Every structure is written in C-alpha cells, then in structure tokens.
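S.K.: If you use the working numbering, the sequence shown corresponds to residues 489 to 937, in order. Think of the CB as a built atom: it goes at the ideal place given N, C-alpha and C, for glycine as much as any other residue. Only a predicted model underlies this, so the values are computations on that prediction, with no experimental measurement involved.
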Amino acid sequence: MLTLPTSADILRIRREALLNRAIEAYKFFYPTVSQQMNFEALVKYGAPANVGWLIQLSSPQSVSLTQNSDTPYGLGWIDVSEEPIVVDVPAGPIIGVVNDGNFRYVTDIGSVGEEAGAGASYLFVSPGYTGDLPDGYLARRLDLNRALIATRAPNPDIDAGKALLRTIRMYPLSQADAPSENSFVDTTGVDTVANPCEVDGTFAFWEKIKASLDADVASREYYQTMGMLADLGLRKGEPFTPLPSTKELLAEAARIANEQLVVAAFASDSPDRLVWPDRQWEWTVLASGDQGYYETGYLRLAARERWFYQATLETPKMFKRAPGAGSLYWLGNRDTSGSPLDGGAIYTLTVSTPVPAAQFWSVTVYDLDTRSEIVAPQNKPLITSLRDDVMPDSDGNIVLHFGPDRPADESVPWVQTVPGRQWFAYFRIYGPGDRAFDGSWKPSDFVRR
489 MLTLPTSADI LRIRREALLN RAIEAYKFFY PTVSQQMNFE ALVKYGAPAN
539 VGWLIQLSSP QSVSLTQNSD TPYGLGWIDV SEEPIVVDVP AGPIIGVVND
589 GNFRYVTDIG SVGEEAGAGA SYLFVSPGYT GDLPDGYLAR RLDLNRALIA
639 TRAPNPDIDA GKALLRTIRM YPLSQADAPS ENSFVDTTGV DTVANPCEVD
689 GTFAFWEKIK ASLDADVASR EYYQTMGMLA DLGLRKGEPF TPLPSTKELL
739 AEAARIANEQ LVVAAFASDS PDRLVWPDRQ WEWTVLASGD QGYYETGYLR
789 LAARERWFYQ ATLETPKMFK RAPGAGSLYW LGNRDTSGSP LDGGAIYTLT
839 VSTPVPAAQF WSVTVYDLDT RSEIVAPQNK PLITSLRDDV MPDSDGNIVL
889 HFGPDRPADE SVPWVQTVPG RQWFAYFRIY GPGDRAFDGS WKPSDFVRR
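#1: Just to confirm, are Thr713 and Phe516 a CB contact at a threshold of 9 angstroms?
#2: With a threshold of 16 other CB atoms inside 10 Å of the CB of Ser733, please say whether the residue is buried or exposed.
#3: Report buried or exposed for Asp760, applying the criterion of at least 16 other Cβ atoms within 10 angstroms of its Cβ.
#4: Helix, strand or coil: which one does DSSP assign to Trp658?
#5: Between Pro892 and Pro907, what straight-line distance do the alpha-carbon atoms span, to the nearest angstrom?
#6: Going by DSSP, which residues form a beta bridge with Leu787?
#7: Our contact map puts Gly598 next to Ile583 with C-beta atoms below 8 angstroms; I'd like the distance itself, whole angstroms only.
#8: Going by the CB atoms, is the gap between Arg657 and Val574 shorter than 9 angstroms?
#9: Whose CA, out of Leu530, Ala703, Asp623, lies closest to the CA of Ala664?
#10: Ignore the nearest five residues each way along the sequence and tell me which others in Thr872's own chain have a CB closer than 7 angstroms to its CB.
#11: Roughly how many whole angstroms lie between the Cα atoms of Leu870 and Glu770?
#12: Counting C-beta neighbours from all protein chains within 10 Å, is the total for Leu653 16 or more, i.e. buried, or is it exposed?
#13: Write down every uninterrupted run of the alpha helix (DSSP H) in the stretch 785–854 whose length is 4 residues or greater and which is fully enclosed by it, in chain order.
#14: Could you check how far apart the C-beta atoms of Ala641 and Pro560 are, in whole angstroms? I think they sit under 8 angstroms.
#15: Which runs of the beta strand (DSSP E) at least 3 residues long sit entirely within the stretch 861–899? Give them in chain order.
#16: Below 8 angstroms CB to CB, which residues in the same chain sit around Ser825 once its five sequence neighbours on both sides are set aside?
#17: When the Cβ atoms of the stretch 714–734 are set against those of the stretch 611–631, are three or more pairs found closer than 8 angstroms?
#18: Using only the alpha-carbon positions, how far apart do Pro804 and Asp567 sit?
#19: Put Asn683 into one of helix, strand or coil per three-state DSSP.
#20: Compute the beta-carbon to beta-carbon distance between Leu837 and Ser899, rounded to the nearest angstrom, for a pair I have assumed lies under 8 angstroms.
#21: For the beta strand (DSSP E) containing Phe912, name the first residue and the last one.
#22: Would you identify the three-state DSSP class for Val594, choosing helix, strand or coil?
#23: When the distance is taken between beta carbons, is Asn633 closer than 9 angstroms to Val539?
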C-alpha cells in the first residue's frame, strides 16, 4: 500500500528531483551558454552587434571550441530586437552559416548559401516582426533576436582570404540607402577566449544562462525546456538569487552534468560512432542519416550533447555524409589499443595517398580540457595539405608525427604535444570523394611508438 514518505525522505526526494532537473538543463542548454560566451567575446575584442567583425586565422592563442587554422574566419553577430538587419555577402569564395542564440541553424550564406557564391543581401527579422519585407533580399525570420554570423574564405592565400572577408557588410535596414561603415579587428595571434570551458562544471555556468535569458526573447520551440530553468529559479527579467543550499545544488549539478558531457563527447559507447570497424576513428556527429542529431520524429540528445561539447555551429552541410558535400570531420582520440592519446608519448599517423579530397585535407590537434588548438612551444597545431609540404614516401604514404619532442628527422611533418595533457585530433577533408565513404581509403590509427 502506498504511503507518503517521512518528512526527511520528502526533503531528500525533492532535492534529488531538483538535482536531476538541473543536470538535464545543464546539458540541454550547453549550446546556449557556448553561444553566450561567443557574443560576450565578440564585444570584448571589438566587434559590437550589427557593425563589428573579428577577422582571424585561428591559432593556439584563440581559445575557441575546435576552430582550426586551415583558412581565416570572419565572425560577427546581429541583434534584430530594434529593427531588421541586412547582411551583404559579396560574390566569391566565402562560405558561412548563421546560428541563433541557442546555436540553432538559421541559414547558410556565400558559396554554400541560396545565392551559391553569386553574392546576395540577406534580411534578418525578429520573431515578432510584422513590417514589410522589401524586394531584393533573401529574408530570414529568426527564432531569437541574436545570431552569430560565422564565415570563412577557403583560400590558400591567407591575406587574400582576409581581404575578401572584409568586404562583407551588415547594417540596419533603415540605413539601406547609406549603410554605416563596419569595423574589422584582426585578432590573428592575439590571446582571445570564446569558450564555455571557462565555466564548465561550475555555478558560473548558470549565471551565463541567466545572461542569455535576459538578453533575448524566449524561443518558441524551447517552451517546455524553459520550464526546467524556471524550476531552478532562472526566469527572464527576474532576480536570480538562489539560497546557499540551492547554489550548492546547482554547482553539484554542473559538475555531474559536465562529467556526463565529457563521456558523451569522448567516450561514447554508441555502436554507430565508428567510421570503420577496424579503426578507432569516430564520426564527430552521430547520425543515422544526413540530418545529424535531428532524427525523424525525435531529437537525438546524446548526439547533440556530444557535438556541442566538442564544437560549435550547426548546418546541414556539416552533417551530410555524401561525396562532394562540403567537409568531413572525423574524431581521433585513441591509439590502436584504444587508449587515450597522451601528450607525453610519441605517435605516428599514416595517411595513404591520394587522399580523396577535392580541395584539401588537414589534421588538427586539440587539448582535451579546452577543446581548443593545443598550446605548445611549436605553436603549430595542425598539418594541412593546403600549406604544408606533405609529400608521400616511396610507398605512397605520408607519415605524420605527434609528440613532445621534434623527431630526429626534422623534415617530417610533426605536431608538438604537451606532457601531462591529453589530446585529440580532427581529420578534416574538404570536398570529400567517394573513397572517403566506401571504405576503399582510410588513414591508420594513431600508433604509439
């Protein structure tokens, strides 16, 4: 027969329920906090909304989730709370994507956008906008008021790529006849941080959620999940002053949830994670089709958590597994024996040629803790066919080296790692060919020497 718990058990059960609520909220809103960190960093380093851009070739000084140093970035953001914002994308080899404040996909732009590289003017309006949509624009209605614009110029000439990115413009629709000048700050090689790792597993994570709530409208699609935050005392426009006991609970939940995200990102047991059954390489995005974690009929939460703990941005172009479709990302964080990659050990990675890449390929090394490019005295976290002299040997292979000390043969391609720091790598193929998917070509695993 059912009876009510004792008073002590009721208090315990209430706490457990709230703790579970907080753990799930932490994981679900991790992309939101990641995006909030981006917005704050853009302002901090000189790129205010609707007018400012950061231009950079990523480097170990850029502490951002799995950015890479292949080609330069142009990063800006818009806020449509007061009026629609126009973004002029010039013709030419620019690829870009717009994601809202929850890191939800809005649109692709540039070569991968509707204009297919021919140049276009995009018009972004707020969720509640009721005004006219003038002709001549590619109009996009946002689910939130704020959105990140992330662009790249895939050009081996870095300076030329940066120059092209500086021709993008954004401005309020009311200034369409005489747009204001945009500002461009080059942060290449500058110490910058735009990374949720600063608040991982701490009470400060919840303060970033509160900042995001107060700065934007509530997402129509997040109505139910906003209820989790409300139960924790996180409501738009209301003070967030938790009692010491609640603050302790939220810090505990953050620690537990962050541990779960680490496992989801780097120790998944999902059977579809492996790219090939005889290799340790994994798909960065777990999916049964071309829609990533947006499975038919449901959102694959563990796959979404895995992706956003490792990386940023979402676009169908990144999820599609098909020859010639954008770029391909594989995660390597274990050696042939299945052991994590140790910054104090020496490894080799054999890449057979030709690599099935219509454009180029690269291997970038990241620190496991920050999920950012590894910081080492060499200050060169990647090997890329775009700029490095990666000639195959007599067997047609390119052998890449990883370890804390330069190999005796200084001519071999090498990335320096750091003793005491675990690391992982992304193998990227731009313009992947058939052999990247049919199993007829594959790199080796990392071999510990």
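M.R.: According to the data block:
#1: Looking up residue 713 in the sequence shown gives position 225. Looking up residue 516 in the sequence shown gives position 28. Yes. Within cutoff.
#2: Taking the first residue of the sequence shown as position 1, residue 733 is located at position 245. It counts as exposed.
#3: For the purposes of this step, residue 760 is identified with residue 272 of the sequence shown, where counting begins at 1. Burial call: exposed.
#4: One-based indexing of the sequence shown puts residue 658 at position 170. For the sequence presented, residue 658 should be read as Met rather than Trp. DSSP, reduced to helix, strand and coil, places Met658 within a strand of the structure shown.
#5: Numbered from its first residue, the sequence shown carries residue 892 at position 404. Numbered from its first residue, the sequence shown carries residue 907 at position 419. Pro892 and Pro907: Cα-Cα distance of roughly 7 angstroms.
#6: Against the sequence shown, residue 787 aligns to sequence position 299. In the DSSP output, where bridge partners are listed per residue, Leu787 has Tyr782.
#7: By 1-based counting over the sequence shown, the position of residue 598 is 110. By 1-based counting over the sequence shown, the position of residue 583 is 95. Yes, Gly598 and Ile583 are in contact; Cβ-Cβ is about 5 angstroms, under 8 angstroms.
#8: Within the sequence shown, the letter at position 86 stands for residue 574. Within the sequence shown, the letter at position 169 stands for residue 657. Against a cut-off of 9 angstroms, the Cβ pair of Arg657 and Val574 comes out as a contact.
#9: As a working mapping, residue 664 is identified with position 176 in the sequence shown. Ranking Leu530, Ala703, Asp623 by Cα distance to Ala664 puts Asp623 first.
#10: Walking along the sequence shown from the start, residue 872 turns up at place 384. Cβ neighbours of Thr872 beyond the five flanking positions: Asp558, Phe848, Ser850.
#11: Here residue 870 is taken as the residue at index 382 of the sequence shown, counted from 1. Here residue 770 is taken as the residue at index 282 of the sequence shown, counted from 1. Cα to Cα, the separation comes out at about 19 angstroms.
#12: Here the question's residue 653 lines up with position 165 in the sequence shown. With 16 or more Cβ atoms within 10 Å of its Cβ, Leu653 is classed as buried.
#13: For the stretch 785–854, whole alpha helix (DSSP H) runs of length 4 or above, ordered along the chain, are 789–798, 804–807.
#14: Counting from 1 along the sequence shown, the entry for residue 641 is found at position 153. Counting from 1 along the sequence shown, the entry for residue 560 is found at position 72. Rounded, the Cβ-Cβ distance is 6 angstroms, consistent with contact.
#15: 870–872, 885–891
#16: By 1-based counting over the sequence shown, the position of residue 825 is 337. For Ser825, where only same-chain residues beyond five positions count, the Cβ hits under 8 angstroms are Arg936.
#17: no
#18: Here the question's residue 804 lines up with position 316 in the sequence shown. Here the question's residue 567 lines up with position 79 in the sequence shown. One C-alpha to the other measures close to 24 angstroms.
#19: Here the question's residue 683 lines up with position 195 in the sequence shown. It is coil, neither helix nor strand.
#20: For the purposes of this step, residue 837 is identified with residue 349 of the sequence shown, where counting begins at 1. For the purposes of this step, residue 899 is identified with residue 411 of the sequence shown, where counting begins at 1. Not quite, the Cβ-Cβ distance comes to about 17 angstroms (not below 8 angstroms), so this is no contact.
#21: For the purposes of this step, residue 912 is taken as residue 424 along the sequence shown, with counting starting at 1. Counting along the chain, the beta strand (DSSP E) containing Phe912 begins and ends at 910–920.
#22: Here residue 594 corresponds to residue number 106 of the sequence shown, with the count starting at 1. Three-state result, Val594: strand.
#23: What you label residue 539 is simply residue 51 of the sequence shown in a count that begins at 1. What you label residue 633 is simply residue 145 of the sequence shown in a count that begins at 1. Not a contact, by the Cβ cut-off of 9 angstroms.
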